[in-house]
Each structure stands twice: as structure tokens, then as C-alpha cells.
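In the numbering used here, the protein residues as written are 39 to 321.
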């Protein structure tokens, strides 16, 4: 069973690393897209995306997650060339102008490689290496950190929500191992909202500790998801308080990294959770 509060150094590209365990970290969502579900078009130019990313760093983000294709259900697929045209200038500018840890949100091996060459440190694959398995070789060759996400899309799911996590993520971990990626480079993501209904998402939260048996730190992305709207009755742009609440709860349950739209509000929630955890460790 993985101990989520002991120090774990996540190995990243370009000789970087991030210490997980003693405190939680925020990953800021920077969508360079016109059609993302809650912020499409807001940061769809290099200048606006870079400015927003810098504000996220100021508000407490440890990681900037740059994406060029929306993952909302029904979103239009873009070509690899279009995806790269959107994100590579943003990544290059942030790598040149900041010391931030940069993640690329892509499932394409070609885009991942180009992003790492442009200065990114982490590959965040929402298809868990199972759509383009060559992306695992890109991670191995570049030394990139790797976030492997679970998805229920386009596959038959196991009836039990935790069993389905194990079935999918263990297959992804086999792909990573076959490519020569060490576990020190990997974090896992249970994929809140990806072909999961409200009950399944709430069960994932309630049974979160069972995921630690997979043996890796866990990143979560509940931010503004539909199940939070089902619970609160709020539309996507109004779900940041609910996101912050889920951040605190999942930190207490052992999550390490939190992918969010509003960094400032989740930062405060995370600080309270970390303070409680620290107090609990005092003899």
C-alpha cells in the first residue's frame, strides 16, 4: 500500500523533480482552446494563456497544465498540427520566462515529444497510454514525468468503480513498464468525470483510499465537473467552492496533486487540509 504522506520525488524531464507527500500541490488548468467546457476561448491566444499561467503561479500553482484539445464529451477533435500550433508557443514562452514546472495535456506521442523539446516536464495523458502507446516511449526517452489517467470512455466498464480503476490502470502500468518507465516518474489519475456518473464519482471519493493499493501518488481533477453541479445545483463557472471542498477532502484521503481552474480558492482549502494533516503527525 502506497503511503501518500511520505516523501516521494516525482522525476521529471530536464533534470527537474517535485517533492510529493508532505504537502499537496496544485496543477493549474491552462486550456488554449475555443471549446473547453467551462473556460473555452478565455485563454485561446499565446499572450492570454501565458499571462493567465503566470497569474496561476503567483496564486500558488506548482504545475501548469497546457492543453490544446478539449476533452469535454462531444468536443471536436483537432489535428496534431493544430494542437501543437496552439500549445507549443505557450510552453516555449513559459519555459523561457518562468521557472514553472510545465505539463502537456495530450494523448498524442508526436505532440508530447514536441512539447518536451519546447520545455515541458510532464506528459498528462487522459487516455492512460492506451490510445497511442508510443507516448510511453516518448516519456521514457525524454525522462518526462508521466500522469496516467483512467477513463471509462469507449470501453466496457467493470460494475465496481474501484475494480474498474485497477483493470484499466494496471494495463496502463504494464505499457509504461514495457517502455522502461520507472515508477518514480509516474503518478496516477482516477479520471473523475470521464464516463462516470454522479454516483460513480462520489463512490470514487468515498473509497479513494483503496486506490493507494496501485502503488503510486495520485493526482485528481474534480474541478468544475458535472457531478459537483449535480450535488450543488450550480453551473460550471460557479463550482469553484465545491471544487475547493473536494480538494480538501481528497487531500485528507491521500491525493497528492490537484488539477484546478481557480488556483487561489483551492490553495486556501489545501492549506487547511495540509495544516490538519501536519497537526495529526505531532506526537
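A virtual CB, placed ideally from N, CA and C, is assigned to each residue, including glycine. Because the structure is a prediction, the values reported are computed rather than measured.
Terminal residues of the beta strand (DSSP E) in which residue i lies
{"i": "residue 210", "result": "No beta strand (DSSP E) holds residue 210; the alpha helix (DSSP H) holding it covers 199-216."}
{"i": "residue 141", "result": "139-143"}
{"i": "residue 56", "result": "55-58"}
{"i": "residue 95", "result": "Residue 95 -> not in any beta strand (DSSP E); alpha helix (DSSP H) instead, spanning 84-96."}
{"i": "residue 164", "result": "Taken as a continuous stretch (DSSP letters only), residue 164 belongs to no beta strand (DSSP E), as it is neither H nor E."}
{"i": "residue 105", "result": "101-105"}
{"i": "residue 155", "result": "Run containing residue 155: none in the beta strand (DSSP E); it sits in the alpha helix (DSSP H), 147-156."}
Beta-carbon spacing of residue i, residue j below 8 Å
{"i": "residue 261", "j": "residue 289", "result": "no"}
{"i": "residue 228", "j": "residue 256", "result": "yes"}
{"i": "residue 179", "j": "residue 147", "result": "no"}
{"i": "residue 166", "j": "residue 207", "result": "yes"}
{"i": "residue 280", "j": "residue 270", "result": "yes"}
{"i": "residue 114", "j": "residue 129", "result": "no"}
{"i": "residue 318", "j": "residue 246", "result": "no"}
{"i": "residue 58", "j": "residue 307", "result": "no"}
{"i": "residue 176", "j": "residue 150", "result": "yes"}
{"i": "residue 134", "j": "residue 94", "result": "no"}
{"i": "residue 314", "j": "residue 284", "result": "no"}
{"i": "residue 174", "j": "residue 214", "result": "yes"}
{"i": "residue 61", "j": "residue 312", "result": "yes"}
{"i": "residue 329", "j": "residue 45", "result": "For residue 329 there is no data in the structure shown, the boundaries of the chain being 39 and 321."}
{"i": "residue 145", "j": "residue 116", "result": "no"}
Where the alpha helix (DSSP H) containing residue i begins and where it ends
{"i": "residue 69", "result": "Residue 69 -> not in any alpha helix (DSSP H); beta strand (DSSP E) instead, spanning 63-69."}
{"i": "residue 122", "result": "118-135"}
{"i": "residue 219", "result": "Element bounds for residue 219: n/a, residue is neither H nor E."}
{"i": "residue 289", "result": "278-291"}
{"i": "residue 41", "result": "From DSSP, residue 41 is part of no alpha helix (DSSP H); its letter is neither H nor E."}
{"i": "residue 173", "result": "172-180"}
{"i": "residue 309", "result": "301-318"}
{"i": "residue 270", "result": "264-270"}
One or two residues paired with residue i in a DSSP bridge
{"i": "residue 248", "result": "DSSP output for residue 248 lists no bridge partner at all."}
{"i": "residue 240", "result": "Its beta-bridge partners do not exist; DSSP assigns none."}
{"i": "residue 46", "result": "58"}
{"i": "residue 296", "result": "64 and 258"}
{"i": "residue 184", "result": "161 and 224"}
Residues near residue i in its chain [Cβ-Cβ closer than 7 Å; skip 5 each side]
{"i": "residue 267", "result": "273, 274 and 277"}
{"i": "residue 251", "result": "39"}
{"i": "residue 90", "result": "68 and 81"}
{"i": "residue 233", "result": "189, 190 and 191"}
{"i": "residue 254", "result": "40, 221, 224, 225 and 226"}
{"i": "residue 230", "result": "239, 242, 258, 259, 260 and 263"}
{"i": "residue 304", "result": "64, 281, 282, 285, 296 and 298"}
{"i": "residue 210", "result": "166, 167, 168 and 186"}
{"i": "residue 203", "result": "188, 228 and 249"}
{"i": "residue 197", "result": "none"}
Cβ neighbours of residue i in the same chain (closer than 8 Å, five flanking residues each side left out)
{"i": "residue 56", "result": "47, 48, 50, 63, 100, 101, 139 and 183"}
{"i": "residue 159", "result": "50, 51, 52, 54, 139, 140, 141, 182 and 183"}
{"i": "residue 309", "result": "none"}
{"i": "residue 199", "result": "234, 238, 241, 242 and 245"}
{"i": "residue 219", "result": "174, 177, 178 and 184"}
{"i": "residue 195", "result": "202 and 233"}
Cβ shell of residue i (< 6 Å), same chain only, five flanking positions each side left out
{"i": "residue 265", "result": "236 and 239"}
{"i": "residue 125", "result": "70, 104 and 106"}
{"i": "residue 143", "result": "103, 105 and 162"}
{"i": "residue 300", "result": "278"}
{"i": "residue 87", "result": "68, 70, 81 and 128"}
{"i": "residue 122", "result": "149 and 152"}
Closer than 7 Å: residue i CB and nearest the ligand GTP heavy atom
{"i": "residue 198", "result": "By its list of ligands, the structure shown contains no ligand whatsoever, and the ligand GTP lies outside what it can speak to."}
Cβ of residue i within 8 Å of any chain D Cβ
{"i": "residue 47", "result": "Looking at the structure shown, chain D is missing, and only one protein chain is on hand."}
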